[in-house]
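Q: Questions regarding the structure given below will be posed in turn.
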Amino acid sequence: MTEIVVISRLVPDLVEELEIASNGTALDRAWLRLIINEFDNHAIEQAILIKEKVGANVTIISPEAEGVEDMLFTTAAKGADKLIKITGVGDEKPTNLSLAETLAEIIKEINPDLILNGVQAHDDITGDLAPQLADLLGMPYVGYISGVELGDGKVTAFKEYPGGVLAEMEITLPAVLGIQASEEPPRYVAISKVRQMMSTASIDELPAGDLKIDGDAPIDRMYLPEAAERAEMLEGSEEEVAEKLTSLLQDLGLL
Amino acid sequence: MTQDIYLLIEHIQGQVSDISYILAAAAKELAAKENASVVGILFGSGAENLKDTLALDKVIYCDHDSLAEFTSDAYKRTLTALLGEYSPRALFFGNTTLGADVSSSIATHMKFPIINSCIKISDSGGIISQICGGKIMVDSKLADGTTLVTMNPGGYKPEEGQGSPGETITFNAPDLEGLKVKLTQFIEPDAGDVDIGQEKVLVAIGRGIQTEDNIELADELAALLGGTVCASRPVIDQGWLPTSRLVGRSGKSVKPDLYLSLGISGATEHIEAITDSKTIIAINSDPDAPIFDIAQYGIEVDLFDLIDPLLEQLGSAKD
């Protein structure tokens, strides 16, 4: 049976206001609302699609964080076979390299054919997780993938280039792919099905290795962007704003 | 010994990508502060002339059949060999679908530190990055030895990196047998649809459009303005519009007279593709949405409260 591992991370919800921690070099994570990294959500969907098409055993691995159990049980409701939570991560975001080192040790035991991960996470500053993991495992890596066909000892993946061009890549397995988009949009599952998983599925807990908070390139400061050149805001009731926008478009010669 | 500032030149199907010029501009600025030269790394097959329009002090060119087009395995092997001989102060990659395939894995392989998403070199020669969809800025410094940097567009214009290069040094490719990644073909986008890169008026929709049915509203708006509907990534991923309408890093870059965005927050990959628009007007319910930082005009409102009065006003203005 084909073994697929998906690494899924929670990231700050950008709809919420972000604040900087008192040390000035990290996000204040105390009140941060976390959501699934949307690219990882696509990676999960892609793994389930492959499982439905050709059969596979799908393992989801996630570093612990507020809400990670719910996220893992949701993947089980979608069809994931095995759930692993990495414990001992702490409140700070570890560097991707140290997380990759922990993941590499866990993944070597599973010995998968294919590892899928979201191509990026918006809060990454010291490198991307999937290519780092690929190097540690001695596997090839290709990212920005929006289609995967599993073959015998290889995978055909469609890589997105600027301008809507796709590059068809043939990659020898085992391999790590950075998923940009799954072939179908990530599915929704009923909350009742997730609840059912909470009582029937189990989450294995594996301890993290030596996680580091700081990368090797020193971060001096993290801060909110200055909004000096912000847009001129059109204010008022909806009707007033509609009127202002209409006359603005007329002034610009666009109507 | 002075360590120079290096960059990896990106090219696809015989065309040097804009990001290569942006890398040259950033490298030039950093090199001036470090009193160093700018060195471009070019891989290709019979492609040495691709260096000709770049502002570089020096070029290291490696020619091999397997380097004709970018693939991560061949590039990684060749770069790793090259970095065994040369020791840059910094090596810039595009944070693109090409550069990001190799930058982090080379950093891990060579044990070099890496900094993501640089948009600008600071006055003191530091790296200014933008993360969290443009909502957070980060200042960092080059470490001792070699630091890798991935670069987002936005901070420099491609013109700033145009020029003509100095001497070219040849680098012999390492053993490239048994590559694990092979490019089998390019698949061009369906040419049947409109080319949003050429449209004068674009109504762009994002996650805020919420449902497929609501796209009708954007269509109506576009019809009144004589424009076309395009979209950011989430809309395309849902399959609500074809990929030909995607604006962003892996879609099209656009330059319309009017870019009217509805419910687009303005993630970095999106913003970098719309900066050449003449007028950007953004409608979004989140007052902190990064799109308001690059739009000339903004409206903080629930899109669905505004759309009816707006369609009405535009309709009567046209009559």
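Keeping their order, the protein sequence lines are chains Y and X. The first sequence maps to residues 1 to 255 in our numbering. The second sequence maps to residues 1001 to 1319 in our numbering. Glycine included, each C-beta is placed from N, C-alpha and C at the ideal position. Quick caveat: nothing in here was measured; it's all calculated off a predicted structure.
When you compare each of X:1301, X:1194 and X:1143 to residue 1208 of chain X by their alpha carbons, which one comes out closest?
A: X:1301
Q: Assuming residue 232 of chain Y and residue 1250 of chain X form a contact by the criterion Cβ under 8 Å, report the distance between their Cβ atoms to the nearest whole angstrom.
A: Not confirmed; about 31 Å, so no contact.
Q: Could you list the residues in the segment 1084-1097 of chain X with a C-beta less than 8 Å from some C-beta on chain Y, going in chain order?
A: 1096 and 1097
Q: Please check the pair residue 4 of chain Y and residue 58 of chain Y, which I expect to be a contact at CB under 8 Å, by giving their CB distance rounded to whole angstroms.
A: 5 Å
Q: For residue 1184 of chain X, go through chain Y and note every residue whose CB falls closer than 9 Å to its CB, in chain order.
A: By Cβ distance, chain Y contributes 156, 167, 168, 169 and 170.
Q: For residue 1181 of chain X, go through chain Y and note every residue whose CB falls closer than 7 Å to its CB, in chain order.
A: 140, 142, 169 and 171
Q: Indicate whether residue 1133 of chain X and residue 1267 of chain X have their beta-carbon atoms separated by less than 8 Å.
A: yes
Q: For residue 1109 of chain X and chain Y, any beta-carbon pair shorter than 8 Å?
A: yes
Q: Within the segment 99-136 of chain Y, note down every full beta strand (DSSP E) run reaching 3 residues or more, in order along the chain.
A: 114-118
Q: Could you check what DSSP says for residue 151 of chain Y in three-state terms: helix, strand or coil?
A: coil
Q: Does DSSP classify residue 92 of chain Y as helix, strand or coil?
A: coil
Q: Quick check: residue 1263 of chain X and residue 1284 of chain X, are their CB atoms within less than 8 Å of each other?
A: A contact, by the Cβ cut-off of 8 Å.
Q: Applying a beta-carbon distance threshold of less than 7 Å, which residues of chain Y neighbour residue 1003 of chain X?
A: Near residue 1003 of chain X there are no residues of chain Y at all, since even the closest Cβ is about 15 Å away, more than 7 Å.
Q: Taking DSSP's pairing of strands, which residues face residue 158 of chain Y in a bridge?
A: Y:168
Q: With distance defined between alpha-carbon atoms, name the residue in X:1193, X:1260, X:1104 and X:1116 nearest to residue 1241 of chain X.
A: Comparing Cα-Cα distances from residue 1241 of chain X to each of X:1193, X:1260, X:1104 and X:1116, the minimum goes to X:1193.
Q: Going along the segment 180-213 of chain Y in order, which residues come within less than 7 Å of chain A, judged by CB to CB distance?
A: Of the chains in the structure shown, none is chain A; the protein chains are Y and X.
Q: Please list the partners that residue 97 of chain Y has in chain X, where partner means a Cβ-to-Cβ separation under 7 Å.
A: 1108
Q: Can you have a look at residue 191 of chain Y and say buried or exposed, based on whether 16 or more other CB atoms are within 10 angstroms of its CB?
A: Residue 191 of chain Y comes out exposed.
Q: Determine which residues share a DSSP beta bridge with residue 1043 of chain X and list them.
A: X:1062
Q: Would you decide whether residue 96 of chain Y is buried or exposed? Buried here means 16 or more other CB atoms lie within 10 Å of its CB.
A: Residue environment: residue 96 of chain Y is assigned as buried (16 or more neighbouring CB atoms within 10 Å of its CB, all protein chains considered).
Q: Spell out whether any CB of chain X is found under 8 Å from the CB atom of residue 15 of chain Y.
A: Judged by the 8 Å Cβ criterion, residue 15 of chain Y is in contact with chain X.
Q: Under a three-way DSSP split, which group does residue 1028 of chain X fall into?
A: helix
Q: Under 8 Å Cβ-Cβ, which residues of chain Y neighbour residue 1158 of chain X?
A: In chain order: nothing, as chain Y lies at least about 13 Å away.
Q: Give a yes or no on whether the C-beta atoms belonging to residue 1180 of chain X and residue 112 of chain Y are separated by under 8 Å.
A: no
Q: Residue 73 of chain Y lies in the alpha helix (DSSP H); which residues open and close that run?
A: 68-78
Q: What are the residues of the segment 1244-1260 of chain X that lie near chain Y, defined by any Cβ-Cβ distance shorter than 8 Å?
A: 1244, 1246, 1249, 1250, 1251, 1252, 1253, 1257 and 1258
Q: Just tell me which of Y:154, Y:152, Y:134 and Y:120 has its CA closest to the CA of residue 144 of chain Y.
A: Y:120
Q: Please identify, using Cβ separations under 7 Å, the residues of the segment 69-82 of chain Y that lie next to chain X, in order along the chain.
A: none
Q: Assuming residue 1161 of chain X and residue 1058 of chain X form a contact by the criterion Cβ under 8 Å, report the distance between their Cβ atoms to the nearest whole angstrom.
A: In fact, because the Cβ distance is near 15 Å, the residues do not count as touching under 8 Å.
Q: Thinking C-alpha only, which one of X:1172, X:1271, X:1196 and X:1075 is nearest residue 1011 of chain X?
A: X:1075
Q: Buried or exposed for residue 1138 of chain X, going by 16 or more other Cβ atoms inside 10 Å?
A: buried
Q: Restricting to Cα atoms, I'd like to know which of Y:183, Y:208 and Y:196 is closest to residue 72 of chain Y.
A: Y:196
Q: Return no unless some Cβ of chain X is closer than 8 Å to the Cβ of residue 66 of chain Y.
A: no
Q: Counting only the same chain and skipping the five closest in sequence on each side, list residues whose C-beta sits under 7 Å from that of residue 188 of chain Y.
A: none
Q: Closer than 7 Å by beta-carbon distance: list the chain Y residues that pair up with residue 1282 of chain X, in chain order.
A: 231
Q: Which chain Y residues sit within Cβ distance under 8 Å of residue 1116 of chain X?
A: Correct list: 124, 125, 126, 127 and 128.
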